[in-house]
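A short worksheet on the structure shown next.
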Ligand code: RET
């Protein structure tokens, strides 16, 4: 009896014109899917309180900027998951021919890709400040990252052609490659000069490994090859989010709160060198 239920909850027969209350109803009926949202809402709420506590005595302006950008990660996340849980940022989209679920309306959590365009730049801003990088690299990584999220959104929302869904996906991967280059090649050198190599290295590894998971699950999920179920994909994203956002932010803030001097020295020494000109 599992078959019809799954069918009903992930694929809607008249899906394309479902109203928001109907989408909400379907999300509620799929307990696994709904839990993947509410677990993150609870974790984001707890993280916000913990982070405010951790950052309560940070005085140095550069450390404060890292704190604010890190705090924005769970704040955006809470809003993002509320959008999904309420059905506001979910649509049932009819898949084009060539797709494994061609002609059927598939639950698409497009709100995720939209809000990543707000949360991931905050992660990168915090990491870049920690590495003591310059404005050019910060601007590059953040704009490429936003482009990655927006083209990922385009991949998920394209219903006219299966080939074009994957074309958008590849464009998004190209932007991702630039982000990876800066994370793996440019920033480790900057962090070595800044004296933040240890913590930067840990956070860089966590970020690179977990961020790779997102395009993999996009490809395996209902939006790509449809090898795995919508609720399982949603849990995969939710678990990746827990590591890439809350664990990441906790490790970073704990370090910044204990090493404010290192960050503030970085500001002072850069001011006294030609580095300011690079900015
Ligand atoms: C998509 C699909 C298209 C190809 C690529 C993707 C990459 C997504 C990434 C998302 C990271 C999200 C995070 C969110 C935290 O709030 C859009 C899935 C490359 C890397 C860390």
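Residue numbers (our numbering): 20 to 298.
Every residue, glycine too, gets a C-beta built ideally from N, C-alpha and C.
A quick note: this is a predicted structure, and the numbers were derived from the prediction, not measured.
Just mark residue i as buried or exposed, buried being the case when its beta carbon has 16 or more other beta carbons within 10 Å.
i	result
residue 228	exposed
residue 102	buried
residue 231	exposed
residue 170	buried
residue 45	buried
residue 76	exposed
residue 222	buried
residue 160	buried
residue 71	exposed
residue 198	buried
residue 152	buried
residue 37	buried
Taking only three categories from DSSP, how would you classify residue i?
i	result
residue 88	helix
residue 116	strand
residue 107	coil
residue 204	helix
residue 296	Confidence at residue 296 is low in this model, with a pLDDT of 40, below 50, so the placement of that residue should be treated as unreliable; the coordinate-derived value is given next. In this structure, residue 296 counts as helix in the three-state DSSP scheme.
residue 127	strand
residue 133	helix
residue 77	coil
residue 52	helix
residue 37	coil
residue 261	helix
residue 43	helix
residue 240	coil
residue 179	coil
residue 15	Because the chain is modelled from 20 through 298, residue 15 falls outside the range shown and cannot be assessed.
residue 64	helix
To which residues of the same chain is residue i closer than 7 Å at the C-beta, ignoring the five residues directly before and after it?
i	result
residue 265	62, 66, 93
residue 214	281
residue 243	237
residue 246	239
residue 135	168
residue 257	55, 58, 59
Tell me which residues share the same chain as residue i and place their Cβ nearer than 6 Å to its Cβ, disregarding the 5 neighbours each side in the sequence.
i	result
residue 241	125, 249
residue 219	149, 150, 210
residue 51	250
residue 253	52, 55
residue 137	95
residue 263	229
Of all the CB atoms in chain C, is at least one closer than 8 Å to the CB of residue i?
i	result
residue 229	Any reference to chain C falls outside this structure, which holds one protein chain only.
Stretch pair the segment 138-147 + the segment 104-124: three plus CB contacts closer than 8 Å: The segment 138-147 is not in contact with the segment 104-124.
contact_flag[the segment 125-136, the segment 104-112] where n(CB pairs < 8 Å) is 3 or more: These segments touch.
The segment 263-277 contacting the segment 81-90, beta-carbon criterion three pairs below 8 Å: Enough Cβ pairs lie closer than 8 Å, so yes.
Any 3 or more C-beta pairs closer than 8 Å across the segment 149-161 and the segment 171-185: At 8 Å Cβ cutoff, the stretches do not touch.
Inter-stretch contact (C-beta, 8 Å, three-pair minimum) for the segment 276-284 and the segment 78-87: They touch, by the three-pair rule.
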